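Numbering (the working numbering), first residue to last: 426 to 530.
Heads up, the beta-carbon is just placed ideally off N, CA and C, and yes, glycines get one too.
Quick caveat: nothing in here was measured; it's all calculated off a predicted structure.
Accompanying notes for the structure given below.
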């Protein structure tokens, strides 16, 4: 999927965790095999911004498996937060060997 397709698709998704804000996106090379689009929910009730997804441009799937989210201060911090989530998932064996190989984690 292209970055534009991912942003368009995710812009239409329902806001997570009862937030009332809009989506923001940033793109970063978090894995060795391709870029990721980090989806950030704006104006969450409890936090300012929340990183809710990291979508791979290789296959359009959420690397976080749709169950990891964490608050962030700003869009630069979102990249750091997404990296931390991926590292924790890797250390907790939440990725299959196929995913590790495919994404280059």
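Between the Cα of residue i and those of the options, spot the shortest distance and give me the residue it belongs to.
i	options	result
residue 503	438, 523, 454 and 427	454
residue 492	498, 475 and 499	475
residue 479	517, 522, 508 and 496	508
residue 460	427, 500, 497 and 513	427
Within 10 angstroms of its Cβ, does residue i collect 16 or more other Cβ (buried), or is it exposed?
i	result
residue 515	exposed
residue 531	No answer is possible for residue 531: it lies beyond the span of the chain, which begins at 426 and ends at 530.
residue 525	exposed
Starting from residue i and walking both ways along the alpha helix (DSSP H), at which residues does that stretch end?
i	result
residue 433	428-436
residue 525	522-528
If the criterion is Cβ atoms closer than 8 Å, does the pair residue i and residue j meet it?
i	j	result
residue 494	residue 488	no
In the DSSP assignment, the beta strand (DSSP E) including residue i goes from what residue to what residue?
i	result
residue 516	Counting along the chain, residue 516 falls outside any beta strand (DSSP E), though it belongs to the alpha helix (DSSP H) covering 500-516.
residue 480	474-481
residue 463	461-467
residue 449	448-453
residue 495	495-497
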